[in-house]
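Line order of the protein sequences matches chains A, B and C. For the first sequence, counting from 1, position 123 maps to 824 in my numbering; every step adds exactly one. For the second sequence, counting from 1, position 256 maps to 277 in my numbering; every step adds exactly one. For the third sequence, counting from 1, position 225 maps to 227 in my numbering; every step adds exactly one. All C-beta atoms in this analysis are idealised placements derived from N, C-alpha and C, irrespective of residue type, glycine included. Predicted model, so just to flag it, every value in this text is computed and none were measured.
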Amino acid sequence: MQTPRHRRDWKSAGAWLLLGFTAAVVLAPHRLTGVPERQAQSFMPPSLYHSSTAGNEYLLGTDYLGRSFLAVLGVAVSATAQVALGGTAAVLLGVLVVGTIHGSTQSRLLRSALSMGNLGVMAVPEAAVLITIAAIWPRTATTWHVNASMISVLVFFAIPPGARLIAERIRAVNKSGYVTASRECGATSLYTFWYDVWPHLTEDVAWIAASVLPRFVAAEVGLAYLGVEYREFEGLGRIIAKSFNNLIDSTARFQMLVTIAAILWVALIPQVVLHLRSMRAWKAESI
Amino acid sequence: MTKSVRGKLMRGLKRFATSILVLMVFGASAVTLSFYIVSLTDEQADDRLRMSDIPPPPPKPFASRYTLWVKTVIGSGLTDFGSSHTGPVKNVIANRLPVTATVGLLSWTLAWGLGLALAVSLATHWSEWAEFHQKRIYPIAHAVPSLVVVILFYLLLIQFNPRPDHFLRASVGIASLVVLMLPATTALWLNGIQRIMQQEYIRVARARGIAPIAVWWRHVLPNVVVSSGVLTQAVFSLAGLIVGSAFVEGVFRLGGVAEAFIEAATRGQAELAGVATLLYFLVLSTGVLLAEGLAIYLNPDGDHVHADS
Amino acid sequence: MSEILKLRNLSVCGPGSAEIISGINLSLRSGEILGIVGETGSGKTTLINSILGLLPNGLRVVSGSVHVTDDEQTVDLLKLNGEQCRRYLGLQIGYVPQDVRSGLNPLMTARDSVEEGARRKGGRYQERTESALRRAGLPEDFLKLDADRRPGGLSGGQCQRVLIAQAIVNKPRVLLLDEPTASLDPLARHAVLDTVRGLASEHCAILLVTHDIAAVAEVGNFVAVMYCGRIVEIGRSDELLTNPKHPYTRALLECVPRIDQRMLMKAIPGEAPTLASDVPGCKFHPRCAFCEEQCHSEEPVLREISNGRYVACHLAEG
Ligand SMILES: Nc1ncnc2c1ncn2[C@@H]1O[C@H](COP(=O)(O)OP(=O)(O)OP(=O)(O)O)[C@@H](O)[C@H]1O
Ligand SMILES: [Mg+2]
Chain A
702 MQTPRHRRDW KSAGAWLLLG FTAAVVLAPH RLTGVPERQA QSFMPPSLYH
752 SSTAGNEYLL GTDYLGRSFL AVLGVAVSAT AQVALGGTAA VLLGVLVVGT
802 IHGSTQSRLL RSALSMGNLG VMAVPEAAVL ITIAAIWPRT ATTWHVNASM
852 ISVLVFFAIP PGARLIAERI RAVNKSGYVT ASRECGATSL YTFWYDVWPH
902 LTEDVAWIAA SVLPRFVAAE VGLAYLGVEY REFEGLGRII AKSFNNLIDS
952 TARFQMLVTI AAILWVALIP QVVLHLRSMR AWKAESI
Chain B
22 MTKSVRGKLM RGLKRFATSI LVLMVFGASA VTLSFYIVSL TDEQADDRLR
72 MSDIPPPPPK PFASRYTLWV KTVIGSGLTD FGSSHTGPVK NVIANRLPVT
122 ATVGLLSWTL AWGLGLALAV SLATHWSEWA EFHQKRIYPI AHAVPSLVVV
172 ILFYLLLIQF NPRPDHFLRA SVGIASLVVL MLPATTALWL NGIQRIMQQE
222 YIRVARARGI APIAVWWRHV LPNVVVSSGV LTQAVFSLAG LIVGSAFVEG
272 VFRLGGVAEA FIEAATRGQA ELAGVATLLY FLVLSTGVLL AEGLAIYLNP
322 DGDHVHADS
Chain C
3 MSEILKLRNL SVCGPGSAEI ISGINLSLRS GEILGIVGET GSGKTTLINS
53 ILGLLPNGLR VVSGSVHVTD DEQTVDLLKL NGEQCRRYLG LQIGYVPQDV
103 RSGLNPLMTA RDSVEEGARR KGGRYQERTE SALRRAGLPE DFLKLDADRR
153 PGGLSGGQCQ RVLIAQAIVN KPRVLLLDEP TASLDPLARH AVLDTVRGLA
203 SEHCAILLVT HDIAAVAEVG NFVAVMYCGR IVEIGRSDEL LTNPKHPYTR
253 ALLECVPRID QRMLMKAIPG EAPTLASDVP GCKFHPRCAF CEEQCHSEEP
303 VLREISNGRY VACHLAEG
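Pasting the structure below:
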């Protein structure tokens, strides 16, 4: 039973539209959703279902500080997505570098060191490291230092599993005849990498991106809940934490659900993109 | 015959001893490291900051604090673990450990057990769903932040019962962790099972009329366990479980060790952090040794089966 | 003697309903050895798999029956469910797979593998295990020293004989052998063929699929030649191998190397079609030296040209 073609077209058009809108919010949240400023009472219900209330012009209501929740959400999506995208890019770079070295080195020592490192990374609870890292900075430390160190920990922990995948792929490709052939024809290693190796890696890289980006979102959200969020950072996690403290209020509950939807959307963006481009290469063995 | 058996035994023992040694070194350094890092934060920094503008004095030096702690722990014959500002560490742990142990072990066992059951059913009866699970459900579930799932379960719980008791909170918390891990465990098991099911010896076993249960028990599962990395993943998923436990303990107000560890880390209670790390490593080591023992029992030759995988 | 295995009009389809074997009729009496020869891809393994009801995913039986007779009754294996089938598989029907290396569970010792099957019949299974290993041509030394090794520590030929021991441990009435001599040296091959002959003399019916035409000549009572999933010629092995009627059989026999003649064998020109349905008429006509007008359009049926000799060729005469 196949979905009719026109319906699929509509669906993918809708998804692209939503993606475009998200991109715009990420790039310019203040333009699109407004500047979060204290303007009204806390937790005013959303105009969606209380349009009759006088003076209620906030689409999603106000948050605990009386700011338009839509503006707060826009800024948070922007902040979370930026960290996640930047972190993912760093991870991909690291994965490619480490993976290529791991995959093409002949040194047994380096190889076993890298696989030991992989096991070590698996055995150490990443969150515990993040929390302690966040806690040891003195209060006088600059925001930038604290946040960069936390994000580096996340990047560091995400590299080994992906690098192993890439290394295996590169080893397989290097074993095949045509790479040797092109080397023997005198191709530079950059040339070989770009034309012979890279095309085999794109699917893996896409997969790694799709599984790493959600980790950044999850880390931000989880840390905020545990009270060790990035400093001076207005992300989706802080909203969740704040609305969790105000669960009695029905507006807060509603806003929490909206936030959860936003978190899921941001976390699933790479998968939506992959799905739309039908570049699916999921492998269960490489969790 | 006896000679080769003895050789195998020696090799197995050697592997085991190496593992124990590595784990001990790893564990000791992890405990030291976490003690060190946490001792860098000042225990009373928060309060002092609130009371005055003068910057807090530097915390107690690590070396003296650490030696004192190790002396206390060893001198008391592992009955005294020092004290943090919430009281003796031993009492804190004794109060909180049962909750964490229950939540962690139950959800871990259920997630991997149910994952196996689900994978077996997907591989046998619901084969049309197997691909759907591997390609759609699992990747999406993998991307969902754990906190979100835990919170959604909590919201669901208070929707039906605004004043849940401790038992109900713990059960729903465990359920949320199981749901969180289930897609991944199922995917891992299923992946291994599908690969083994394609092997010729499974078909030969059927052709010899071996009962289906025996085919699963003697042929499929041992090979899945030995060759697919499920065992390693299962043991190391304990690390991920710590985070999940912390969320569950926080959101469902259960009060466990994971939560206490986070508090210890942010408040500079190095003694508590050290003991929590030690506990984690004990659990992890037990898991690693059990897994190693199982692998040696199933595959005493220790060679790589299925070179193709 | 009575027929033990009887295939009627057996056809198997692959993905896209392409026929892989088509309209196979065979019967096998106790004590008989039927050799099946044919080039690679002609559907020999598929034939055996469909008898066992263990076709790989994507292949399915579309028509026909597989009748097996034991002491009491005759049943159609294809109509039985899995549980009923198990009463025949391994007890009445023994099977040796083609793929030797991966045919044994890598985590089970040779002895355990054989014993697992032997236990099904109960009785003194340990003794039967030992004697099966011996009958499969494994030396006493192996039983003492190597039988408790796992397949990773056995040679290909040893694995092959453990598989044979697995198949014969319960003294089946029918034995399906898929290339049992493929990975053996000449001496071991001889031992295995001896075993096969010995089993036949104990009233076991044997289906011997092989590329080794000399082996069929040595032990086979009957030969069937397969091409493109069809039996193109079948008859007594002494007659068929000395006086082939079908052009394909003739060409196949000319490809057999002979130790006394150091000359290049004639190869059959062209290749077997990958999809039989692509070729109208006789499936062999594009490669046949004697092809005529009729062969392009009409598919020949298997017909009896002399006593017990069947050929599927328009031109064959008795
Ligand atoms: N699982 C499958 N799916 C699709 N086609 C298959 C499958 N298995 C076999 N075939 C096709 O069936 C045909 C017969 O294969 P089979 O293995 O029976 O040949 P064979 O005569 O045993 O060859 P060989 O002598 O090499 O063992 C081949 O053309 C093959 O491509
Ligand atoms: Mg074959």
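Residue span of the alpha helix (DSSP H) that contains residue i, given as start and end
{"i": "residue 257 (chain C)", "result": "No alpha helix (DSSP H) holds residue 257 (chain C); DSSP gives it neither H nor E."}
{"i": "residue 163 (chain B)", "result": "159 to 164"}
{"i": "residue 232 (chain C)", "result": "Per DSSP, residue 232 (chain C) belongs to no alpha helix (DSSP H); it is in the beta strand (DSSP E), 232 to 238."}
{"i": "residue 812 (chain A)", "result": "809 to 824"}
{"i": "residue 184 (chain C)", "result": "Residue 184 (chain C) -> no alpha helix (DSSP H), and no H or E assigned at all."}
Ligand 1 heavy atom lying under 7 Å from the CB of residue i
{"i": "residue 60 (chain C)", "result": "yes"}
{"i": "residue 40 (chain C)", "result": "yes"}
{"i": "residue 46 (chain C)", "result": "yes"}
{"i": "residue 22 (chain C)", "result": "yes"}
{"i": "residue 956 (chain A)", "result": "no"}
{"i": "residue 43 (chain C)", "result": "yes"}
{"i": "residue 17 (chain C)", "result": "yes"}
Neighbouring residues, chain F, relative to residue i (Cβ below 9 Å)
{"i": "residue 825 (chain A)", "result": "Structure shown: chain F not included; protein chains present are A, B and C."}
Residue i Cβ short of 7 Å to ligand 2 heavy atom set
{"i": "residue 94 (chain C)", "result": "no"}
{"i": "residue 214 (chain C)", "result": "no"}
{"i": "residue 100 (chain C)", "result": "yes"}
{"i": "residue 180 (chain C)", "result": "yes"}
Cβ-heavy atom distance, residue i to ligand 3, below 7 Å
{"i": "residue 163 (chain B)", "result": "Ligands present in the displayed structure are limited to ligand 1 and ligand 2, and ligand 3 is not among them."}
Local Cβ density within 10 Å of residue i, reported as buried at 16 or more and exposed below that
{"i": "residue 22 (chain B)", "result": "In this prediction, residue 22 (chain B) has a pLDDT of 47, which is less than 50 and means its spatial position is unreliable; nothing more can be read from the coordinates."}
{"i": "residue 137 (chain C)", "result": "buried"}
{"i": "residue 779 (chain A)", "result": "buried"}
{"i": "residue 703 (chain A)", "result": "For residue 703 (chain A), the predicted model reports a pLDDT of 48, less than 50, meaning its position is unreliable and no value from the coordinates is stated."}
{"i": "residue 98 (chain C)", "result": "buried"}
{"i": "residue 45 (chain B)", "result": "exposed"}
{"i": "residue 161 (chain C)", "result": "buried"}
{"i": "residue 172 (chain C)", "result": "buried"}
{"i": "residue 835 (chain A)", "result": "buried"}
{"i": "residue 248 (chain C)", "result": "buried"}
{"i": "residue 892 (chain A)", "result": "exposed"}
Start and end residues, beta strand (DSSP E) containing residue i
{"i": "residue 25 (chain C)", "result": "21 to 31"}
{"i": "residue 396 (chain C)", "result": "Outside the displayed span of chain C (3 to 320) sits residue 396 (chain C), for which this structure offers no information."}
{"i": "residue 65 (chain C)", "result": "62 to 71"}
{"i": "residue 36 (chain C)", "result": "35 to 39"}
{"i": "residue 76 (chain C)", "result": "76 to 78"}
{"i": "residue 377 (chain C)", "result": "The shown model of chain C, from 3 to 320, leaves out residue 377 (chain C), and the question about it has no answer."}
{"i": "residue 97 (chain C)", "result": "95 to 98"}
{"i": "residue 312 (chain C)", "result": "311 to 313"}
{"i": "residue 15 (chain C)", "result": "5 to 15"}
{"i": "residue 207 (chain C)", "result": "207 to 211"}
{"i": "residue 305 (chain C)", "result": "305 to 308"}
Interface residues of chain B facing residue i [CB-CB closer than 8 Å]
{"i": "residue 912 (chain A)", "result": "160, 163 and 164"}
{"i": "residue 972 (chain A)", "result": "160, 161 and 164"}
{"i": "residue 915 (chain A)", "result": "163, 164, 165 and 166"}
{"i": "residue 210 (chain C)", "result": "Near residue 210 (chain C) there are no residues of chain B at all, since even the closest Cβ is about 16 Å away, more than 8 Å."}
Partners in chain B for residue i, counting only beta-carbon separations shorter than 9 Å
{"i": "residue 934 (chain A)", "result": "Per Cβ cutoff of 9 Å: no residues; residue 934 (chain A) is ~16 Å from chain B at best."}
Listed by chain order, chain A residues near residue i by CB distance under 9 Å
{"i": "residue 58 (chain B)", "result": "830, 833, 834, 836 and 837"}
Next on the checklist: For the structure I just gave you, are there three or more beta carbon pairs, one from the segment 129 to 136 of chain C and one from the segment 54 to 67 of chain C, closer than 8 Å?
Outcome noted: Of all C-beta pairs linking the segment 129 to 136 of chain C to the segment 54 to 67 of chain C, fewer than three are shorter than 8 Å, placing the two stretches out of contact.
Item to check | Given 8 Å, three or more beta-carbon pairs between the segment 239 to 251 of chain B and the segment 805 to 823 of chain A | outcome: At 8 Å Cβ cutoff, the stretches do not touch.
Next on the checklist: With a threshold of 8 Å, are at least 3 pairs of Cβ atoms found where one atom belongs to the segment 89 to 107 of chain B and the other to the segment 288 to 304 of chain B?
Outcome noted: Flag = yes, the segment 89 to 107 of chain B and the segment 288 to 304 of chain B touch.
Checklist entry - Would you call the segment 726 to 744 of chain A and the segment 769 to 784 of chain A in contact, with 3 or more CB pairs under 8 Å? => result At 8 Å Cβ cutoff, the stretches touch.
Checklist entry - Does the segment 257 to 264 of chain B come close enough to the segment 821 to 837 of chain A to have 3 or more Cβ pairs within less than 8 Å? => result Counting Cβ pairs under 8 Å, three or more are found: they touch.
Next on the checklist: Within 8 Å, do at least three Cβ pairs link the segment 23 to 38 of chain C to the segment 222 to 237 of chain C?
Outcome noted: Output reads yes: the segment 23 to 38 of chain C touches the segment 222 to 237 of chain C.
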